[in-house]
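What follows is a single structure, written as structure tokens, with notes after it.
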Amino acid sequence: MEGLPSGDVQAKYQKLAAEYSKLRVHVKVLKKGVLDEQAKSNELREVLKDKEKSLRKGELEIDSLTFRNQQLTRRVSVLQDELDLLQNKLTKKSKSKGDEKQASTSQAPSLDSGLLQEELQKKIIENAQYASQLSDKTFEVSQLQASIEDYQKHISESESKYKCEIAKLKNKNQELQFALEDAQKDRLGVIAKPQTSSQAASCNGDFLSEGGSLVGSEDALSSVDDLNINDQLSTKAHTLEQENQKLRMEYELLEMENESLKLEISKHVSAAQKRRGETHDSGDFNSFSETSVDAGGVVSGLLGALACPLLLARELQQREERVATHFRRRLAAAAARADLLQGKTDHYLQECEILRLRFDVMEREKEEAAHTLQEKHNTISRLEEELQSTSRNYEQQLGVLTEHVAALNEHIARQHDRLQRSRDAASGVVTALADIKLPLYWVTCAVRSPFIRSPRSPHLNESTVSVRAPVIFPAR
């Protein structure tokens with residue numbers, strides 16, 4: 197018998213099975229690591245969602261602060277306009293009104309300036325609070341950016357690690373495939389072809405024993421269900437089909453030889469019968485009743501003992517039956533092996549299709565996750581830009597508001613000095629009129645003041661004050 201013995205083939209298959217079990221354990225560990233990474237990515241997504249909610253909340257707060265700041269600016273401009281109008285009215289009426297009116301008008305600006313100072317103080321405190329909240333939000337955004345960078349670094353390291361592991365597994369898979377091909381070639385070399393027709397029975401027994409060992413080896417290899425051996429199985433099925441066709445051709449050739457041998461035997465038998473008839477009719481003294489053929493293949497007749505090189509018909513029939521049975525068994529075994537390999541090939545093709553679909557789904561999920569991550573990065577960058585622009589706007593508005601408050605304070609101080617001078621001048625005029633002793637008439641009038649709040653109308657621009665002032669009419 198040619199090729200390697202069955203023990204070496206079995207040892208090779210055992211080594212392959214052990215290597216495959218190690219690879220399966222390694223794949224389980226890798227699957228567990230992938231699941232852990234997926235859980236971590238889900239946690240990171242939840243954290244990212246929470247941070248997005250906090251960012252949206254901060255954006256809403258910034259919008260509300262912007263709206264309130266605009267309201268404050270409009271309010272300050274309205275107060276400035278009202279103050280200018282009041283100053284114009286006071287300058288017009290300061291020359292014609294007396295001390296009481298001067299006193300009432302002097303109390304009103306002082307009261308209005310106090311209210312304005314208090315309101316401005318409140319707004320400054322609110323702006324300081326908003327600035328502190330803005331700094332807190334900026335710090336939170338920086339922390340989120342740092343955590344996102346750490347997560348991205350961890351994910352990149354994990355991807356590189358798993359890529360290396362996958363490359364190693366692919367190399368091992370290729371090595372195992374090459375080893376499996378070599379083992380299959382060695383297994384095919386184990387089966388020896390019969391050289392002579394007399395060795396048919398022994399070859400049949402050896403073929404059956406080798407077929408049993410190979411069936412055991414195939415059962416041992418059936419556990420290797422995760423290896424990608426579709427190409428090898430297809431080539432093996434093709435070679436088995438070719439071997440089946442070859443055996444059929446050999447069987448047909450043997451049948452043709454059998455027919456030719458039968459024809460030759462019939463020719464020799466007919467010739468012997470003719471020869472025996474001729475000798476019997478010649479009247480020879482050495483006549484015999486019939487030609488006898490013993491079991492040893494010796495023909496006795498008129499010519500004496502003659503060794504016949506041909507076999508008997510029964511032995512030829514038995515030999516033909518043995519050869520036909522042997523080849524039928526080989527054909528049945530080859531057909532069974534081809535069916536088994538075809539079933540395994542279909543099974544592995546289905547598994548490969550399922551794995552391909554799963555791989556496509558995972559690739560789509562990976563692309564969706566990358567797209568979502570890119571969108572989150574874009575959102576974070578946009579929020580950072582909006583936050584920076586809002587902080588700059590707030591700083592500018594606070595600076596403008598501070599300058600405006602300082603200008604208002606200076607303007608109020610100048611108005612107070614002007615009112616004091618007007619009061620002094622009015623008091624001098626009143627004393628002069630008192631010295632002249634002109635008739636005085638007290639006139640009561642209602643004055644609408646934008647800086648005095650009444651109990652009925654607490655808002656500005658909605659209260660009136662009764663003012664009683666002296667009026668001098670010249671004598672006719």
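Counted from 1, the sequence shown has number 606 at position 410 by the numbering used here; the numbering is strictly sequential.
Positions of the beta carbon are idealized from the N, C-alpha and C atoms, including for glycine.
Could you tell me the alpha carbon to alpha carbon distance between residue i and residue j, rounded to whole angstroms?
i    : j    : result
I351 : K572 : 16 Å
I576 : E336 : 12 Å
K236 : L569 : 15 Å
T287 : L311 : 22 Å
Q616 : K289 : 14 Å
L457 : A534 : 34 Å
E215 : E547 : 21 Å
K364 : R220 : 14 Å
V205 : F523 : 25 Å
E549 : M558 : 14 Å
L597 : K349 : 45 Å
A530 : V465 : 40 Å
S338 : I344 : 10 Å
K211 : T521 : 37 Å
T435 : I362 : 32 Å
E606 : L279 : 13 Å
L316 : Q329 : 20 Å
A375 : Q514 : 44 Å
L340 : E564 : 22 Å
E257 : L604 : 29 Å
E437 : R525 : 15 Å
K470 : V519 : 33 Å
S331 : L244 : 21 Å
Q370 : S217 : 16 Å
H567 : K540 : 40 Å
T660 : D246 : Unreliable placement is indicated for T660, whose pLDDT of 48 sits below 50; no coordinate value is reported for it.
F555 : K208 : 32 Å
L372 : K228 : 24 Å
S585 : V225 : 49 Å
L459 : Q441 : 27 Å
Between residue i and residue j, how many whole angstroms is the CB-CB distance? I'm expecting something under 8 Å.
i    : j    : result
A433 : L545 : With a Cβ gap of about 12 Å, A433 and L545 do not count as contacting.
Q593 : N265 : 6 Å
V272 : H612 : That belief does not hold up - the Cβ atoms of V272 and H612 are roughly 19 Å apart, past 8 Å.
E355 : L579 : E355 to L579, Cβ: 27 Å. No contact.
L527 : L443 : 6 Å
L240 : Y347 : 5 Å
A516 : N454 : The sequence given here places Glu at residue 516; Ala does not occur at that position. Between N454 and E516 the Cβ distance is about 5 Å, and since that is below 8 Å, they are a contact.
L268 : K319 : 5 Å
Considering only residues of the same chain and omitting the five flanking positions on each side of residue i, which have a CB-CB separation below 6 Å?
i    : result
Y326 : L261
E451 : none
E561 : none
Quick one: what's got a C-beta closer than 8 Å to residue i's C-beta in the same chain, skipping five residues either side?
i    : result
T334 : L583, S587
R510 : none
E248 : K572, T575
Measuring only from the beta carbon, is residue i closer than 6 Å to any heavy atom that is part of the ligand HEM?
i    : result
Y209 : Only the bare structure without any ligand can be found here, which leaves the ligand HEM out of the picture.
Counting only the same chain and skipping the five closest in sequence on each side, list residues whose C-beta sits under 7 Å from that of residue i.
i    : result
Q283 : Q611
N323 : L594
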